[in-house]
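K.L.:
Okay, here's the structure, questions in a sec.
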Amino acid sequence: MSARPGAPDGCLGARELARAKREAMARRARRIRVWVAAATVSLFIAAFLVVYVQLASGHDPALVASAERRAAGSSGTSAAAAAARKQASERERREEQEAARSRESEAGATAAGSDEESESSSSAESESSAEPSTSTESSTAAEPSSGRESESGSSTGEPEAESSGPSGLRTSQS
Amino acid sequence: MSEETTLRFACFGGRCGVYVEGDAAETARQAAGRARSSMLLWHRIFTRFSAASELSRLNADPREAVPASALMARLAATAREAAELTDGLVDATLAGELSRAGYAADLPPALPLRLALALAPRRGAAGASPARGWELLNGDEAARVVCRPPGLALDSGGLAKGMLADELASTLGAHRSFAIDCAGDLALGGAGGLAREVEVESPFDGTVLHRFSRRDGGVATSGIGRRSWLGADGRPRHHLLDPATGMPAFTGVVQATALAPTATLAEIHAKAAVLSGPAGAPGRLPWGGVLVFDDGSHRVLEAEPAAEQVASAAMRAG
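Chain order of the listed sequences is E and C. If you read the first sequence in the numbering used here, its first letter stands for residue 986, the second for the next number, and so on. If you read the second sequence in the numbering used here, its first letter stands for residue 298, the second for the next number, and so on.
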């Protein structure tokens, strides 16, 4: 930037002064733009990493919420949710009845095999569907003759109760 | 009338059940206990997730002809028949593809079905594998040998559940009434000819979509909602593969329930219906069933008259 002809030495002319100011403003605007862009990109990357790490580590909040809803029998207000709750309570009631029947009838049953897993005679069905799972469950009814399974039901030879017929079943994806 | 013995337990990656009423050569309790023990034993034989299982050892065996148990040979023969019956659509030789897709171990809780469908690629009916590996698979139950090219891995999948339900059903026919529930694949029957109500569950919210009343035969449900996960690319995955691509099939049908004379046939037809898509699925359910579509709607199919006659003949033949 040079002094204007005719102007005192060391002083800038109005034109140069204006250009200098414009350049300074442009530099400042550029600096602000770069800063905003960098901050935006950094924020996005940070947020993305947080979400990605959470999902990759198997802690998907949507899945957790869904599982909790299912476990709680759903607390929604829609007709479908109400139907699901009704269905779940019906199933629980039926399984409780199954459990009661099974506890009475299971004692004394003898197994051909020698597995150590306890058998369930009811209880709400768990959502776990891990392929090789053969998990032990509560409400066990064991076969005393096998000698390897615990027993919690009565082992007396009570006469069998009348039943109204075969129990219903439910088919779902295998 | 006697009390029905009911056993419910975890097996085959799901919930299984045995229901027996009426004493025969063995009491209902003994029969139920034996059936349960058999299922737990068979689970250990047919699981892919244990290197010690017979199936894993068979798949890893470098020989072309591998000595096997009678049941394993029957599974191989059944897998071949299933592929022949569906022209390669139900292909049990995709164990390698299934592992590569991410189903090589226990799965976390399934993706919500609506989310999976929202993230899924374009819908289209599945097709047979161009490699047609199943044509090279043979199981000889009498000779107890399974023949296949080394490297061609067998997946027990739903076929084993249907087959094992039928195997147990064949031993319980003298009881007044029985039902075997192999994680959703059902075999029903009994000398008393008693009808049993079977509910079909919605894959979206678990509500009951339809109820069948069945005296005997098989009922099976196949679908994409139960075993699903998110792939590394953010796309949903599930265990029903399109044999043509080796990738999970999104056909527009999310669940099919099939009725059939046996649980094995029901399993084959249910799976074929899901893979066929909405246009082809009804034709895959000749004995009737229920189809559930992407949008949550469902359709109940009645048995075709010809199929009814076949089923009756099969029942009379025992």
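Ideal placement from N, C-alpha and C gives every residue a C-beta, glycine not left out.
Would you please verify whether the beta carbon of E351(C) is less than 7 Å from any beta carbon of chain E?
P.N.:
Taking the first residue of the second sequence as position 1, residue 351(C) is located at position 54. Chain E contact via Cβ: absent.
K.L.:
Exposed or buried, G330(C), counting other C-beta atoms within 10 Å across all chains shown (16 or more means buried)?
P.N.:
Your numbering for residue 330(C) matches position 33 in the second sequence. With 16 or more other Cβ atoms within 10 Å, it is buried.
K.L.:
In the segment 470–481 of chain C, which residues sit with their C-beta less than 8 Å from some C-beta in chain E, listed in chain order?
P.N.:
Within the segment 470–481 of chain C, the residues whose Cβ lies closer than 8 Å to some Cβ of chain E are S474, A476, D478, C479, A480, G481, listed in chain order.
K.L.:
Where does the unbroken beta strand (DSSP E) through L483(C) begin, and where does it stop?
P.N.:
By one-based count along the second sequence, residue 483(C) stands at place 186. Element bounds for L483(C): 482–486.
K.L.:
In the structure shown, what three-state DSSP assignment does T302(C) receive?
P.N.:
Against the second sequence, residue 302(C) aligns to sequence position 5. Three-state result, T302(C): strand.
K.L.:
Do you know how far the Cα of A413(C) is from the Cα of S1105(E)?
P.N.:
Counted from its first residue, the first sequence places residue 1105(E) at position 120. Counted from its first residue, the second sequence places residue 413(C) at position 116. Confidence at S1105(E) is low in this model, with a pLDDT of 37, below 50, so the placement of that residue is unreliable and no value is reported for it.
K.L.:
With A560(C) and G522(C) assumed to form a contact (beta carbons below 8 Å), what rounded beta-carbon distance in angstroms separates them?
P.N.:
As a first step, residue 560(C) must be located in the second sequence, where it is residue number 263. As a first step, residue 522(C) must be located in the second sequence, where it is residue number 225. Contact flag wrong, Cβ pair sits at about 20 Å.
K.L.:
What is the rounded straight-line gap between the Cα of T344(C) and the Cα of A450(C)?
P.N.:
Taking the second sequence and counting its residues from 1, the one referred to as residue 344(C) is at position 47. Taking the second sequence and counting its residues from 1, the one referred to as residue 450(C) is at position 153. Using only the alpha carbons, I get a separation of about 13 Å.
K.L.:
Rounded to a whole number of angstroms, what is the C-alpha to C-alpha distance between L556(C) and V589(C)?
P.N.:
Locating residue 556(C) in the second sequence gives position 259, where the first residue counts as 1. Locating residue 589(C) in the second sequence gives position 292, where the first residue counts as 1. Distance between the alpha carbons of L556(C) and V589(C): 15 Å.
K.L.:
Taking buried to mean at least 16 other C-beta atoms within 10 Å of its own C-beta, is P500(C) buried or exposed?
P.N.:
Stepping through the second sequence from its first residue, residue 500(C) is reached at position 203. The residue is buried, with at least 16 neighbouring Cβ atoms inside 10 Å.
K.L.:
Have a look at G459(C) and S453(C) and give me their C-alpha separation to the nearest angstrom.
P.N.:
Within the second sequence, residue 459(C) is the residue found at index 162, counting from 1. Within the second sequence, residue 453(C) is the residue found at index 156, counting from 1. Going by the C-alpha atoms only, they are around 10 Å apart.
K.L.:
What are the boundary residues of the beta strand (DSSP E) that includes H507(C)?
P.N.:
The count along the second sequence starts at 1 and reaches residue 507(C) at position 210. Looking at the DSSP string, the run of the beta strand (DSSP E) that includes H507(C) is 505–511.
K.L.:
Where in the segment 551–611 of chain C do unbroken runs of the alpha helix (DSSP H), each at least 4 residues long, occur, reported from the N-terminal end onward?
P.N.:
As far as the segment 551–611 of chain C is concerned, its whole alpha helix (DSSP H) runs of at least 4 residues are 560–577.
K.L.:
Listed from N- to C-terminal order along the chain, which residues in the segment 488–508 of chain C have their beta-carbon within a distance smaller than 7 Å of any beta-carbon of chain E?
P.N.:
Cβ contacts with chain E: L491, R493, E494, V495, E496, V497, E498, P500, D502, G503, T504, V505.
K.L.:
For my contact list, E432(C) and R371(C) are in at a C-beta cut-off of 8 Å; report their separation, rounded to the angstrom.
P.N.:
Here residue 432(C) refers to the residue found at position 135 of the second sequence. Here residue 371(C) refers to the residue found at position 74 of the second sequence. The Cβ separation is near 18 Å, so there is no contact.
K.L.:
Per DSSP, which residues does D320(C) bridge with? Please list them.
P.N.:
Walking along the second sequence from the start, residue 320(C) turns up at place 23. Beta-bridge pairing links D320(C) to no other residue.
K.L.:
Is it buried or exposed, F547(C), if we count other Cβ atoms within 10 angstroms and call 16 or more buried?
P.N.:
The count along the second sequence starts at 1 and reaches residue 547(C) at position 250. Looking at its Cβ environment, which holds 16 or more other Cβ atoms inside 10 Å, F547(C) is buried.
K.L.:
So which residues on chain E does V516(C) lean against when the C-beta distance must stay under 9 Å?
P.N.:
Along the second sequence, read from residue 1 onward, the residue named residue 516(C) stands at position 219. Residues of chain E passing the Cβ test: L1154, T1156.
K.L.:
Checking the sheet assignment: what are the DSSP bridge partners for L527(C)?
P.N.:
By 1-based counting over the second sequence, the position of residue 527(C) is 230. L527(C) pairs with P533(C).
K.L.:
From what residue to what residue does the beta strand (DSSP E) around G393(C) run?
P.N.:
Within the second sequence, the letter at position 96 stands for residue 393(C). Premise fails: G393(C) lies in the alpha helix (DSSP H), 392–398, not in any beta strand (DSSP E).
K.L.:
Would E498(C) and R508(C) qualify as a contact pair, given that the criterion is a beta-carbon distance under 7 Å?
P.N.:
Locating residue 498(C) in the second sequence gives position 201, counting from the first residue. Locating residue 508(C) in the second sequence gives position 211, counting from the first residue. Cβ distance not < 7 Å, so E498(C) and R508(C) don't count as in contact.
K.L.:
With a 10 Å radius around its C-beta and 16 neighbouring C-beta atoms as the bar for buried, classify S525(C) as buried or exposed.
P.N.:
Your numbering for residue 525(C) matches position 228 in the second sequence. Result: buried.
K.L.:
Give the range of the beta strand (DSSP E) segment to which G436(C) is assigned.
P.N.:
Start at 1 with the first residue of the second sequence, and residue 436(C) comes out as number 139. Where G436(C) is concerned, the enclosing beta strand (DSSP E) stretches over 435–437.
K.L.:
Anything in the segment 441–470 of chain C with a Cβ closer than 7 Å to a Cβ of chain E? List those residues in chain order, please.
P.N.:
Answer in chain order: G455, K458.
K.L.:
Please report how far the alpha carbon of V587(C) lies from the alpha carbon of L506(C), in whole angstroms.
P.N.:
Here residue 587(C) refers to the residue found at position 290 when the second sequence is read from its first residue. Here residue 506(C) refers to the residue found at position 209 when the second sequence is read from its first residue. Roughly 9 Å between the two C-alpha positions.
K.L.:
Taking one C-beta from the segment 313–322 of chain C and one from the segment 465–484 of chain C each time, how about it: are there three or more such pairs within less than 8 Å?
P.N.:
The segment 313–322 of chain C is in contact with the segment 465–484 of chain C.
K.L.:
Thinking C-alpha only, which one of A415(C), A569(C), G314(C) is nearest P583(C)?
P.N.:
To locate residue 583(C), count along the second sequence from 1; it is residue 286. It is A569(C) whose Cα lies nearest to the Cα of P583(C).
K.L.:
Strictly below 7 Å CB to CB, what residues from chain E border G520(C)?
P.N.:
Start at 1 with the first residue of the second sequence, and residue 520(C) comes out as number 223. Chain E residues near G520(C): Q1158.
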